[in-house]
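Taken in order, the sequence shown gives residues 1 to 658; the numbers are from our numbering.
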Amino acid sequence: MNIDEILNAIKATRSEFAELFMDIQIFEDVPVKKDFNVIGRTGNDRQDFEKALMYAAAKGFLRGFANMLIAKGKENGSLTMYHINENSKQAAASQPATIKPATNGSATNGSLANGAAVTPRPAANEQIANETVAKEPVAVDRPRILFEAMTNLRKGFSEPDIFAKGIIRNMKSTGKVCIDEQAEGTCLLVGHNIVITAWHVVKKLFDLQSGVPQKDSHDRLTVVFDDVRIYLGAGIRNRGGVTYKAHKDWNVAHNSCHVSELVDNAPLEPSTLREHLDYILIRLEKVVTLDRPFESLDSTVKVPEPQKSIILFQHPAGFPMRFDANVISDERIDGVVPECRFLHFSNSLPGSSGGPCFNEEFRLFGIHQGKWKMTNDDTIVVNTGIPIERIKEDVRRRNIQLPQPEPSDFTLWQLDESHGFAPVIARDDLQYMIWKSINDNEKRLFNIRGADGHGKSYCIDLISFMLPKDRHLIIELEGTVLLNLDAVGLANLICTKAGSNPVTPPPVDEVNSTAIVWLRDEVLGAVIRSLDAVRDNKLVWICIKDLNKTDLLGLHTATFLNFLYEQLNQLSWLRIVLDGMQAVTPYLVRNREELYNCSIRVDDIEVYLHRFFSKYNLKGAEDARTIADTCYEVNPSAKDYMSQVARKLMTFATYYIR
């Protein structure tokens, strides 16, 4: 296939083409890698694509690039058909020569030209038809041919979308537990810096007599995330991993396994397993959820029924992450299985212990523990796991509180993959304010100020991103929407955004009070009661953007907001964030107010770049100041100044990370 044919087949956008063009050079280890945008500068996609293809041909990776277009679905199908036809031709050429029947009449009725007799062979479809409709009885030992069947009715089917999303999510939240840099087991994130694994994975770090960790054991314990193999073009490569150290006080809580289980045996008295749940919650030194999800220990998911699906994520034998999908065992032991252990058939090896176990909906129901020898000669072995429901009950019974990270642990400098790893610049102080407010509960009103285009509204987006939704109810309002709302309209908007029903206060003329008292007691009172009813012990954050673009002209709207601010003195679960408020803060809540001014300096950009180079272990840190100066030179009075800086930084990041 020539360059014109490949060119005509491409259906990638310019940015997609550029990404694939660099990926194939990385995969094929081209000595000098060249960015597509350096090759194609005309701005005409077809002309620039053609130049890039000519460059690929000259450097010997054109075929690999065509294969990558096929693999990524960025061609119109003609490359795929060409590939199939080529493979078919090669397969046909590699087959041994066959004897063709003569066409001149010299060999007929099943005879070869030399007179040797043969039995005519029916076509494949005729043969199948004859076998399936044969009138003679089928031999007892002859299997029937079935084209489809439900081989496991209880297992059923899986939903591909749920399965695909579950795989991607848990690739990021599953980790490898290492002691002295040697893999020992698998773990799962269950908090911002908390992982859960099987206790026996880290038992060598414990003084077994006292049941407490050995001195300085945190120096030996690490967790590695992202140790997976990824598909890139025509092959698979190790992605490597990101290593996190254990916190000095790493042992949050644990419950040891039964002594029999340390030698892969079920205890003689299985009921004793109720007191041995073999789990440990480990605290990491740093927050790791800034770009990865975590599961909640509040799970009430039960162990699936026998023959239902189990999906086990693991690092078998310390290798890069794997998973195995299988089924739950039929075996039952009264009061023990599945109450305190579950048995399953997923493949595992040493190093798999502690791996998360999900059902067909990718909901966490347990962690893998190990194996039980069911016979003395080891001829029957079954894998075991700990139900997450039992672990949750043990945590609650012992009143174990998961430690919250310090505010300084939450320095967010870039968003996650779903947000394009967008940079977070000069927002450390804001993040510290927010986390400090959660911990000490003193400051509850945040007034964000700054020039247009410097990221005031983005601050609210950042707050929404950084706060875990299982602990915070975030209500975002647009200031421009409030322009024509009266107080009741605003009250109903807040309630609707919170997921509660609109308020229905009695008309002001039916209440024996002034309009101001009616507004405070009836309207605002109804809003507060409604929020308290739906918040489910979460902190409530009311965030209003772009207040500098509205005068709040609706009837009693400004007064309603002032009353709302004053509630901060009484309600410890309420926080309010204001973007560009022009009015003066009510005197009664000034002690609750925290002012934050949006600005950006060249030093802030340099800090981001140093974090970037350190995070990805890249060379180029010495260029940080030069790059920062370049980014800072954009027009500071531009309305989208912060966006311009971010776009420039992303361009540099893309260059260096490749």
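In this text, a Cβ means the ideal position worked out from N, Cα and C, and glycines have one as well.
In this text, all values refer to a predicted model and were calculated from it rather than measured experimentally.
Would you tell me roughly how many angstroms separate the C-alpha atoms of residue 39 and residue 24, rounded to the nearest one? If you number the sequence shown from 1, residue 39 lands on position 39. If you number the sequence shown from 1, residue 24 lands on position 24. Cα to Cα, residue 39 sits roughly 15 Å from residue 24.
Going by alpha carbons, who is nearest to residue 670 out of 560, 506, 503 and 497? Beyond the ends of the chain as shown, which are 1 and 658, falls residue 670; an answer cannot be given.
So for residue 496, helix, strand or coil by DSSP? Sequence index remark: in the sequence shown, residue 496 carries index 496 (1-based). Of the three classes helix, strand and coil, the one that applies to residue 496 here is helix, per DSSP.
Give me the Cα-Cα distance between residue 27 and residue 237, rounded to the nearest whole angstrom. Within the sequence shown, residue 27 is the residue found at index 27, counting from 1. Within the sequence shown, residue 237 is the residue found at index 237, counting from 1. The straight-line gap from Cα to Cα measures roughly 9 Å.
Tell me the residue span of the alpha helix (DSSP H) that contains residue 365. Indexing the sequence shown from 1 puts residue 365 at position 365. That residue, residue 365, is in no alpha helix (DSSP H); its beta strand (DSSP E) goes 364–373.
Cβ atoms of residue 184 and residue 202: under 9 Å apart, would you say? Here residue 202 refers to the residue found at position 202 when the sequence shown is read from its first residue. Here residue 184 refers to the residue found at position 184 when the sequence shown is read from its first residue. Result yes, Cβ atoms of residue 202 and residue 184 sit closer than 9 Å.
CA nearest to the CA of residue 477, picked from 466, 498 and 465: Sequence index remark: in the sequence shown, residue 477 carries index 477 (1-based). That would be 498, whose Cα lies nearest to the Cα of residue 477.
Using a threshold of 9 Å, state whether the C-beta atoms of residue 277 and residue 340 are closer than that. The count along the sequence shown starts at 1 and reaches residue 277 at position 277. The count along the sequence shown starts at 1 and reaches residue 340 at position 340. Closer than 9 Å, so yes.
Whole-angstrom distance between residue 541 and residue 492, CA atom to CA atom: As a working mapping, residue 492 is identified with position 492 in the sequence shown. As a working mapping, residue 541 is identified with position 541 in the sequence shown. In this structure, the straight-line span from the alpha carbon of residue 492 to that of residue 541 is close to 16 Å.
Please go through the stretch 494–578 and give each complete alpha helix (DSSP H) segment of 4 or more residues, from N-terminal end onward. DSSP runs (the alpha helix (DSSP H)) wholly in the stretch 494–578: 515–518, 525–534 and 557–566.
From the DSSP output, in three-state form, read off residue 342 for me. Within the sequence shown, the letter at position 342 stands for residue 342. In the structure shown, residue 342 sits in a strand (DSSP, three-state: E or B).
Going by the CB atoms, is the gap between residue 605 and residue 577 shorter than 9 Å? Here residue 577 refers to the residue found at position 577 when the sequence shown is read from its first residue. Here residue 605 refers to the residue found at position 605 when the sequence shown is read from its first residue. No.
DSSP state of residue 612, grouped into three classes? Mapped onto the sequence shown, residue 612 falls at position 612. Reduced to three states, the DSSP call for residue 612 is helix.
Just to check my reading of the structure: residue 535 and residue 467 have Cβ atoms closer than 8 Å, yes? What is that Cβ distance to the nearest angstrom? The count along the sequence shown starts at 1 and reaches residue 535 at position 535. The count along the sequence shown starts at 1 and reaches residue 467 at position 467. Between residue 467 and residue 535 the Cβ distance is about 13 Å, and since that is not below 8 Å, they are no contact.
Among the candidates 35, 252, 480 and 598, whose CA atom is the shortest distance from the CA of residue 545? Residue mapping note: residue 545 aligns to position 545 of the sequence shown, counting from 1. Comparing Cα-Cα distances from residue 545 to each of 35, 252, 480 and 598, the minimum goes to 480.
Could you tell me how far apart the beta carbons of residue 321 and residue 171 are, in whole angstroms, since I believe they sit closer than 8 Å? Residue numbering aside, residue 321 sits at position 321 when the sequence shown is read from its first letter. Residue numbering aside, residue 171 sits at position 171 when the sequence shown is read from its first letter. That belief holds up - the Cβ atoms of residue 321 and residue 171 are roughly 7 Å apart, short of 8 Å.
Alpha-carbon to alpha-carbon, residue 630 and residue 32: As a working note, residue 32 is residue 32 in the sequence shown. As a working note, residue 630 is residue 630 in the sequence shown. Those two C-alpha atoms are separated by around 25 Å.
Could you check the C-alpha separation between residue 204 and residue 268 for me, to the nearest Å? Within the sequence shown, residue 204 is the residue found at index 204, counting from 1. Within the sequence shown, residue 268 is the residue found at index 268, counting from 1. When rounded, the distance between both Cα atoms is 25 Å.
Could you check how far apart the C-beta atoms of residue 539 and residue 471 are, in whole angstroms? I think they sit under 8 Å. The count along the sequence shown starts at 1 and reaches residue 539 at position 539. The count along the sequence shown starts at 1 and reaches residue 471 at position 471. That belief holds up - the Cβ atoms of residue 539 and residue 471 are roughly 7 Å apart, short of 8 Å.
Take residue 696 as the anchor and find which of 200, 284 and 453 has the nearest alpha-carbon. Not covered by the structure: residue 696. The range shown for the chain is 1 to 658.
Near residue 609, what residues of its chain come up, given a Cβ to Cβ distance below 7 Å and the 5 sequence neighbours on each side ignored? Position 609 of the sequence shown, counted from the first residue, corresponds to residue 609. Cβ within range, chain order: 624, 627 and 628.
Can the beta-carbon of residue 438 be found less than 9 Å from the beta-carbon of residue 401? In the sequence shown, residue 438 corresponds to position 438, counting from 1. In the sequence shown, residue 401 corresponds to position 401, counting from 1. Contact flag unset, no.
If you check the beta carbons only, do residue 494 and residue 475 fall under 9 Å apart? Sequence index remark: in the sequence shown, residue 494 carries index 494 (1-based). Sequence index remark: in the sequence shown, residue 475 carries index 475 (1-based). Yes. Within cutoff.
Residue 428 and residue 411 look like a contact to me (Cβ under 8 Å); what is the Cβ gap, rounded to whole Å? For the purposes of this step, residue 428 is identified with residue 428 of the sequence shown, where counting begins at 1. For the purposes of this step, residue 411 is identified with residue 411 of the sequence shown, where counting begins at 1. So it is a contact: roughly 6 Å between Cβ atoms.
DSSP three-state call for residue 191: helix, strand or coil? For this step, residue 191 is matched to residue 191 along the sequence shown. It is coil, neither helix nor strand.
Between the alpha carbons of residue 112 and residue 86, how many angstroms are there, rounded? For the purposes of this step, residue 112 is taken as the residue at position 112 of the sequence shown. For the purposes of this step, residue 86 is taken as the residue at position 86 of the sequence shown. At residue 112, the pLDDT of 28 sits below 50, so the modelled position is not reliable; the number obtained from the coordinates is stated separately. Going from the Cα of residue 112 to the Cα of residue 86 covers about 33 Å.
Between residue 601 and residue 426, how many whole angstroms is the CB-CB distance? I'm expecting something under 8 Å. Here residue 601 corresponds to residue number 601 of the sequence shown, with the count starting at 1. Here residue 426 corresponds to residue number 426 of the sequence shown, with the count starting at 1. The C-beta separation of residue 601 from residue 426 comes to about 7 Å, placing the pair in contact by the 8 Å criterion.
Run the CB neighbour count on residue 157, radius 10 Å, all protein chains shown included, and call it buried at 16 or more, exposed below. Reading the sequence shown from its first residue, position 157 is the one you call residue 157. Classification for residue 157: exposed.
Rounded C-alpha distance that separates residue 177 from residue 186: Taking the first residue of the sequence shown as position 1, residue 177 is located at position 177. Taking the first residue of the sequence shown as position 1, residue 186 is located at position 186. Those two C-alpha atoms are separated by around 6 Å.
How is residue 129 classed by DSSP in three states: helix, strand or coil? Position 129 of the sequence shown holds residue 129. Interpretation of residue 129 is limited by its pLDDT of 38, a score under 50 that renders its predicted location unreliable; no figure is taken from the coordinates.
Environment of residue 671 [buried if 16+ CB atoms lie within 10 Å]: The structure shown does not extend to residue 671, since the chain spans only 1 to 658, so no value can be given for it.
Might you give, ordered along the chain, the residues of its own chain that have their beta carbon closer than 7 Å to the beta carbon of residue 80, omitting 5 neighbours on each side? The residue labelled residue 80 in the question sits at position 80 within the sequence shown. Excluding sequence neighbours, residue 80 sits near 70.
What's the gap between the Cα of residue 449 and the Cα of residue 596? Walking along the sequence shown from the start, residue 449 turns up at place 449. Walking along the sequence shown from the start, residue 596 turns up at place 596. Going by the C-alpha atoms only, they are around 6 Å apart.
May I ask which residues mark the beginning and end of the alpha helix (DSSP H) holding residue 166? Here the question's residue 166 lines up with position 166 in the sequence shown. Unbroken alpha helix (DSSP H) run through residue 166: 160–173.
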